[in-house]
Structure formats: C-alpha cells, structure tokens
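Numbering (the numbering used here), first residue to last: 305 to 997.
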C-alpha cells in the first residue's frame with residue numbers, strides 16, 4: 305500500500321501521529337463499513353462497522369476469502385464486484401444489500417467498491433458500506449403517506465389540478481377530464497371554464513381572476529357539465545404556492561358535493577312539506593275550535609269566511625244551504641259572488657256551488673279555462689259563461705259540498721283574484737275543512753231549531769200579559785240564555801187578588817229541560833191557588849212547602865220572591881224563599897236592596913216569615929232572578945252591589961218609566977258579560993200622587 309496519504313499531519317505542537325496510526329484510527333471509528341481486499345480477494349483490513357454486515361469479529365476476517373466466512377449472498381456480491389474491477393478497472397457503486405439485526409429488525413445497506421492503484425498497478429480494492437436504514441424508513445413513511453393522501457383524495461372524489469402563476473393550466477388533470485369528457489388540448493390553459501355551467505361561468509371567472517390578482521385562497525362552487533351532458537355540483541379550493549415572495553404555481557382540488565346538495569334539496573323539500581302539513585293541521589284545528597264555539601248558523605258562516613280569508617287567503621267566500629225542498633241553494637253570505645245571482649240558486653243552474661252539491665265532490669278550477677270547461681260539461685250556456693268571465697276579477701275557484709252522513713246540506717265557495725294551484729295536499733285539507741264546516745252547520749241548524757222551540761215553550765208557560773190596575777204599573781222583561789236550547793226554569797207572574805190587591809212573584813226552578821219546566825208549571829199553578837185562598841205571603845210559602853214535598857224530588861231547588869201590594873198606596877208585604885231581595889228605586893234614582901232575610905228554598909222545613917214592604921208613590925220595586933246579577937265572572941254579592949250603583953246612573957225619564965227602567969237595568973247589568981242563564985225581571989211601579997187624587 306502506498307505510503308502517500310491524503311490526510312496531512314496535524315500541525316500542532318507536541319503532536320506526532322504516523323499515517324498508519326491515523327488511518328487505523330479513522331477506519332476503526334468511521335460510521336461506515338470499510339474493508340480492503342488484496343488482488344487475490346483476501347481481506348487485508350476491516351473496521352468494526354463492517355462486522356455488522358458479517359456478524360464476525362474483525363480478527364476473523366484477516367487474510368481470508370469472503371467465501372470462507374461470509375453468507376452466500378454477500379460473498380456473491382463481493383466476488384462479482386472484484387471481478388468487474390479486475391476486468392474493467394472501474395468502481396462498482398451503490399449496490400443494495402439488506403441485512404437483519406440481532407433483534408430481528410431489517411436494515412438496508414448500500415455498498416460501493418473502489419480500486420486502489422499504485423505505481424505497479426492495482427494494489428487492491430476498498431469496500432465502503434453505508435447504512436441507509438433510516439433513510440429507507442423515511443422513504444417508506446413518505447410513500448405510505450402519499451398513498452394515504454392519494455386514497456383519501458380518490459375516496460372523496462376530489463379532482464386535483466395545478467396551474468401556472470397566471471392561472472393557466474399547464475399540467476394534465478386526468479380526473480377532471482374523465483368527468484367532463486374534455487380532451488387534453490381542450491382542457492389546457494383556460495379551457496376548463498367551458499365545462500362550467502353557463503349561469504355559473506361569469507361569477508366563477510371573476511372570482512378566479514380576483515384570487516389571482518390578490519394571491520389569496522380561491523374558494524367557490526359551481527356546476528360542471530359531465531361527460532353524460534348532465535351537471536354535477538362541485539366545491540373548489542385552491543391556494544398559491546409561494547417561494548421567495550412569488551407565486552410559483554397554484555394547487556387546487558374540486559370536490560363533488562352533488563350527493564350533499566341533492567340531500568339538502570331533498571331535506572329542504574321534506575321540511576317544506578312537513579311545515580306545510582303542520583300548518584294545514586294547525587289551521588284545521590283552529591278552524592275546528594272556532595266552529596265548535598259557533599252556535600248559530602250566522603256564527604258558523606262568519607267563521608267560514610274568516611277561515612277562507614286567513615287559512616286559504618281567499619279573496620271571496622260564500623256559503624249556501626239547501627232549502628227544505630232540496631231544489632234550491634239559499635245563499636247565506638254571498639261575499640260578492642258574481643255567479644250567484646239573487647239570494648237563491650236553482651240546482652239546475654251550473655255554478656261552482658251547484659256543481660259541488662250535485663256531484664257530492666269538490667270542484668277545483670285553477671284558471672279561467674278550467675272553469676269554462678267544467679261549466680260547459682255541466683250544461684251551462686257558453687254565452688253566459690263568457691259574459692261572466694269577462695265581468696269577474698276572479699281567476700281561480702274552489703267549490704266544496706257540505707255533507708253530513710252522505711246528505712248534502714249546502715256548499716262553500718272560495719275564489720281568488722289570481723290563478724291558484726291546488727295540490728293534492730291542499731285538496732285533502734279543503735275536504736277535511738268542508739267536513740268540519742258541515743258538522744258545524746248541521747249542529748247550528750239543529751241548535752237554532754231547538755232554541756226557537758224551547759223559547760216558544762217557555763214563553764207559553766208565562767203570562768200572556770200583565771194585569772192593568774189603576775194606581776199601579778207593571779212591567780216585565782224575560783231574556784232566555786243564549787247558550788241554552790232547553791227550556792229554563794225562570795218564571796214570573798202577577799194577578800189581582802179578591803180584595804183588589806195585586807200579587808207579584810218571580811221564581812227560579814234550578815235546571816233546564818222539561819223537568820224544570822214541569823216543576824215551574826206546578827209551582828206557579830199551586831201558588832195561584834194558594835194565593836187566591838189566603839194571599840198572605842207567609843201562608844202561601846208554607847203551603848208551597850207542603851206542595852213541594854209532595855210533588856218534587858229532594859234534589860230539586862226552587863226559589864222565589866212573592867209580594868202583595870195595595871194599588872195607589874203601595875203598602876204591602878213580602879216573603880222570600882231563598883231568593884235575592886227586591887230592589888226599591890226612588891224617584892231620585894236611588895236604589896236600595898230590601899233588608900229581608902232570604903229564607904230557604906221551597907221544601908225546606910222552616911217557619912216562613914213575611915215582612916212589611918212598601919212601595920211609596922213614585923217608587924218602583926224590582927223583582928228579579930239571579931241571572932241578572934250573577935254569572936261565571938261575577939259573584940252574587942258583587943252583582944247586588946253593582947245593581948244598586950247602576951240605578952244611580954239612570955236618567956230621570958228612565959227612572960220614571962218602569963219599562964225603560966227594566967231595559968236600562970238589563971242592558972247595563974249584562975254588558976261586558978256572556979249571558980249564561982235566563983234573566984227574568986218584574987217591576988211594580990206606584991205612580992206619584994196627583995192633585996186630583
């Protein structure tokens with residue numbers, strides 16, 4: 305081996321190291337594997353790192369051939385390299401050689417061979433091996449990361465693309481072209497923009513140019529024409545790649561969001577449908593609640609009109625009911641209906657309502673042409689149809705039959721001053737609404753009929769007229785409870801006794817119906833018979849107690865106020881059977897409640913008492929039932945106090961007239977309250993004395 309060395313001696317004072325010592329030290333501590341072979345291929349020198357390749361100590365290698373010591377694969381690698389150097393005289397570099405450490409971990413080496421020449425030719429061959437395990441591991445990690453990234457991009461259907469700094473496409477994007485069907489030449493530069501939906505193209509181009517100018521992130525969404533000529537929704541994001549403050553390229557990715565958009569659209573449609581269904585249900589419930597509160601046909605019609613205006617946004621509403629002969633529709637509320645001339649419509653006259661009644665099915669006319677066709681099919685005269693359509697501002701119509709147990713009661717008509725699309729869901733809602741309206745109309749019709757019958761019956765049990773007596777004026781008012789269709793138990797009576805005095809009574813048989821009416825009739829007749837025999841109030845009430853015990857049930861409660869008064873002077877007596885005290889009104893309009901024990905209702909075992917009760921000339925005594933002073937919102941005590949105060953507000957001419965006084969009291973006492981009971985009032989007025997008297 306040549307004595308020359310490329311490593312100079314250290315020029316430090318006191319330091320003297322020979323070339324061989326220096327070489328030996330460097331090789332033994334070097335981080336790479338080193339071995340030197342003589343021309344015959346025997347080991348001359350190896351370092352400790354090389355032993356990691358062979359697994360043998362340094363001394364065992366010296367002066368031995370590789371085949372004597374090394375594994376077959378490593379021997380083959382060394383011998384092949386030595387032959388090539390001997391034949392060609394050129395180095396053999398970067399030969400990969402894998403090994404496995406004692407702990408089983410794989411290691412990766414790269415081995416290079418270099419000939420060492422002297423003056424007489426090749427002196428030997430040097431082997432250098434470098435451990436690339438860490439580098440190989442980093443490479444594998446990077447490759448796995450790239451594979452993961454590629455898989456992630458592909459799984460998310462992202463289309464990755466790259467452009468030049470000015471935004472022109474310079475590299476192919478096979479995924480983009482696979483979606484759009486564009487050729488490479490068509491795609492390059494700015495050809496990609498041609499695949500964007502025409503409506504989205506201007507905004508996309510402007511947003512992309514703005515990002516290029518500002519060197520900011522580009523985020524946008526647009527529709528892309530696909531190979532199949534359809535369009536899919538994409539979201540795009542691109543960022544500028546900067547080096548030394550300059551943009552060197554743009555990297556972007558398009559994500560196919562069509563499924564999400566379609567899902568959002570579907571969710572939006574379902575939400576709208578559910579919202580519309582909930583709204584229709586709420587409207588139907590609201591209409592049903594309002595119809596349940598309506599007692600009369602007039603009230604039902606008003607609810608229908610309100611529902612048509614609020615729930616249907618109808619411009620016109622009409623309600624018509626069949627007459628008793630079921631040949632004519634009687635319009636209850638025309639609502640400005642131009643095709644309902646007069647108050648009655650013959651079922652033979654084709655119109656929206658008559659078609660609904662005759663067919664027992666809803667009629668939907670969403671336009672002028674639709675109505676014209678249906679009227680012609682129903683037999684209407686085309687000239688009359690044309691005249692009607694020229695005059696009306698309506699553009700859509702709905703006719704709904706009112707059916708109860710399959711029987712037609714009438715029809716509803718809603719119209720709109722605009723074309724109106726009636727969906728299947730709207731049709732179901734309208735039919736349900738018509739069903740509720742039919743029930744309400746039927747119930748209201750029955751209520752009115754029964755109410756009229758009940759009121760007539762109750763009035764028949766009361767006196768036809770009050771007696772006319774000199775020196776006395778009598779007046780009465782009776783108002784039936786508006787919410788009750790049954791006969792009530794309130795009654796009044798006044799008659800002249802044998803001695804010329806006048807008996808006046810107001811009673812109340814608790815309850816409603818025939819039972820209360822029958823009890824009222826028995827008590828009234830018994831009271832007249834007893835009064836004509838012995839008119840003293842205490843005696844009459846005692847006799848009524850015996851009658852009540854013999855004829856009435858224990859749970860029946862009956863109260864009354866009974867007085868006997870002398871015409872002219874007003875002197876009299878009074879007895880109460882659990883009834884409110886009478887009100888005495890002075891000519892000055894001062895009302896005083898008579899301080900009399902109310903007593904107990906009829907039939908209760910008690911000693912009946914009577915009290916002096918005088919109605920001086922010019923004064924008025926008012927007997928009344930509890931319906932005047934008591935209701936659900938006002939207690940009896942509060943009502944009695946209010947009755948006294950209301951009298952003070954009456955004008956003098958009202959106080960002087962018993963008829964006007966009763967009208968005033970009833971009107972003021974019921975104002976602001978819902979009447980829930982019958983109201984019976986009887987006035988006994990003694991005129992003021994005159995000079996002739």
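Where is the CB? At the ideal position from N, CA and C, for every residue including glycine.
* **Secondary structure of residue 442, DSSP reduced to three states** => helix
* Rounded C-beta distance between residue 748 and residue 611? I'm assuming under 8 Å. -> That pair is no contact at about 15 Å.
* Asked: Quick one: complete beta strand (DSSP E) runs, 3+ long, within the segment 367 to 422?
  -> 396 to 404, 410 to 422
* Asked: Can you tell me whether DSSP reads residue 867 as helix, strand or coil?
  -> strand
* Boundaries (first-last residue) of the alpha helix (DSSP H) holding residue 957 -> 956 to 960
* Using the Cα positions of residue 624 and residue 975, report the straight-line distance between them to the nearest angstrom. => 33 Å
* To do: Can you tell me which of the three DSSP states residue 941 falls into?
  => Here residue 941 sits in helix by DSSP.
* Please report the residue range of the beta strand (DSSP E) in which residue 689 lies. => Segment 686 to 695 is the alpha helix (DSSP H) holding residue 689; no beta strand (DSSP E) there.
* Local conformation of residue 990 per DSSP, three classes -> coil
* Name the residue from 365, 342, 367, 400 whose alpha carbon lies nearest to the alpha carbon of residue 387. => 342
* Any idea what DSSP makes of residue 311, helix, strand or coil? -> Here the model assigns residue 311 a pLDDT of 40, short of 50, so the residue's position is not dependable, and the following value carries that caveat. Three-state DSSP puts residue 311 in coil, outside helix and strand.
* Asked: How would you write the range of the alpha helix (DSSP H) that residue 507 sits in, first residue to last?
  -> 505 to 518
* **Per-residue DSSP class, three states only, for residue 653** => coil
* To do: Take residue 686 and list the residues in its own chain whose beta-carbon comes closer than 7 Å to its own, dropping the five residues that flank it on each side.
  => 680
* Assumed close pair residue 1005, residue 990 - CB separation to whole angstroms, cut-off 8 Å -> Lying before the first or after the last residue shown, residue 1005 is absent from the chain, which here runs from 305 to 997.
* Would you call the segment 898 to 916 and the segment 952 to 966 touching, i.e. three or more CB-CB distances under 8 Å? -> no
* To do: Please report how far the alpha carbon of residue 439 lies from the alpha carbon of residue 544, in whole angstroms.
  => 30 Å
* To do: Mark residue 404 as exposed unless 16 or more other C-beta atoms lie within 10 angstroms of its C-beta, in which case mark it buried.
  => exposed
* So, are the CB atoms of residue 1001 and residue 965 less than 8 Å apart? -> The shown model of the chain, from 305 to 997, leaves out residue 1001, and the question about it has no answer.
* Asked: Between which two residues does the alpha helix (DSSP H) carrying residue 705 extend?
  -> Taken as a continuous stretch (DSSP letters only), residue 705 belongs to no alpha helix (DSSP H), being part of the beta strand (DSSP E) at 700 to 708.
* Asked: Would you report the Cα separation of residue 510 and residue 451, rounded to the nearest angstrom?
  -> 35 Å
* To do: Pull up the CB-CB distance for residue 731 and residue 715, whole angstroms please, since I reckon it's below 8 Å.
  => In fact, because the Cβ distance is near 16 Å, the residues do not count as touching under 8 Å.
* Meets three-Cβ-pair contact criterion under 8 Å: the segment 979 to 986 and the segment 924 to 932 -> yes
* **residue 601, enclosing alpha helix (DSSP H) - first and last residue** => In the DSSP annotation of this structure, the continuous segment of the alpha helix (DSSP H) that includes residue 601 starts and ends at 601 to 614.
* **DSSP three-state assignment for residue 624, whether helix, strand or coil** => Here residue 624 carries a strand assignment [DSSP, helix/strand/coil].
* Would you kindly work out how many angstroms separate the C-alpha atoms of residue 565 and residue 519, rounded to a whole number? => Between the C-alpha atoms of residue 565 and residue 519 there is a straight-line separation of about 29 Å.
* Hey, out of 836, 809, 857, whose CA is closest to residue 823's CA? -> Put simply, of 836, 809, 857 the residue whose alpha carbon is nearest the alpha carbon of residue 823 is 857.
* To do: Keeping to the same chain, check which residues put their C-beta closer than 7 Å to that of residue 842; ignore five residues upstream and five downstream.
  => 879, 912, 913, 914
* Pick out whichever of 534, 516, 472 has its Cα sitting closest to the Cα of residue 501. => 534
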